[in-house]
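Below is one structure, written out as structure tokens, with a few remarks after it.
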Amino acid sequence: MKALRIILMVVILLGASAVTAAAFRCGPHLVTTGDRKVKVLGACGLPTTKEIICPRKSGSCPAALEIWYYNCGDNDYIYALTFENGILKKEDTEGKGNGKSYCLGR
365 MKALRIILMV VILLGASAVT AAAFRCGPHL VTTGDRKVKV LGACGLPTTK
415 EIICPRKSGS CPAALEIWYY NCGDNDYIYA LTFENGILKK EDTEGKGNGK
465 SYCLGR
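In this note's numbering, the protein residues as written are 365 to 470.
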């Protein structure tokens, strides 16, 4: 019975770490793929910098990709959140952060 409890606890902990690995934490808030820019902005504040990428070479850009970078400081990473049509599509790390943290709650 004790072994079953230990196995169950390990499974629960592994499942919890998988959930947090797929989300970007801003203080007490989590943002995940599928969230809108307004939710991310409310939870995380202004990004350190933004980049807009247009897949088309000329004309208007209806499906622009917008990448928001959050520099979370010396003891953390720089996170890149990619939006397409205002929806968070991808979360990546871009190496170690530097200097002061610009991430809410970090």
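Glycine included, each C-beta is placed from N, C-alpha and C at the ideal position.
What is the DSSP secondary structure of residue i, reduced to helix, strand or coil?
i	result
lysine 454	strand
lysine 464	coil
Does the separation of the CB atoms of residue i and residue j fall below 8 Å?
i	j	result
lysine 403	isoleucine 431	no
leucine 429	glutamate 448	yes
aspartate 352	glycine 461	Nothing about residue 352 can be read from this structure; the chain reaches only from 365 to 470.
threonine 433	threonine 412	Looking at the sequence itself, residue 433 is tyrosine, so the reference to threonine does not match. Going by C-beta atoms, tyrosine 433 is nearer than 8 Å to threonine 412.
arginine 389	glycine 450	no
cysteine 436	serine 465	yes
glycine 398	leucine 468	no
Can you tell me the Cβ-Cβ gap for residue i and residue j, rounded? I've got them flagged as a contact below 8 Å.
i	j	result
threonine 396	alanine 387	5 Å
Go through the segment 381-450 residue by residue and report every complete run of the beta strand (DSSP E) that reaches 3 residues or more, in order. Segments of the beta strand (DSSP E) lying fully in the segment 381-450: 388-390, 393-395, 413-417, 429-435, 441-448.
With a threshold of 8 Å, are at least 3 pairs of Cβ atoms found where one atom belongs to the segment 411-423 and the other to the segment 447-456? In short, these stretches do not touch, since the Cβ pair count stays below three.
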